[in-house]
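These notes are about the structure you will find just below.
The following block contains the structure:
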């Protein structure tokens, strides 16, 4: 098992001033200051752990069929191939 600090996708890899999240299913959109997230969780926290923390309370996160939550980091999405 790897620890969060050993994974490549960590908060320290993201240098944007704000971390934007959204869930298409829940229509949730939010933005957090990177400095505040680093102060609370540390720069070595994995993005997958942050995703779970930000999605706490979502019924789909702990669904009997697995993680069905669609929360994602909007600021880290690749642009569409169309434009």
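Numbering (our numbering), first residue to last: 323 to 405.
Positions of the beta carbon are idealized from the N, C-alpha and C atoms, including for glycine.
Every value quoted in this text rests on a predicted model; they were computed, and no experiment measured them.
Asked, Found
"Simplified DSSP state of residue 367, which is helix, strand or coil", "coil"
"Coil, strand or helix - residue 339 by DSSP", "coil"
"Contact the segment 377-391 vs the segment 331-338: 3+ CB pairs below 8 Å", "no"
"Where residue 382 falls: helix, strand or coil (DSSP)", "coil"
"Nearest-angstrom Cα separation, counted from residue 357 out to residue 363", "10 Å"
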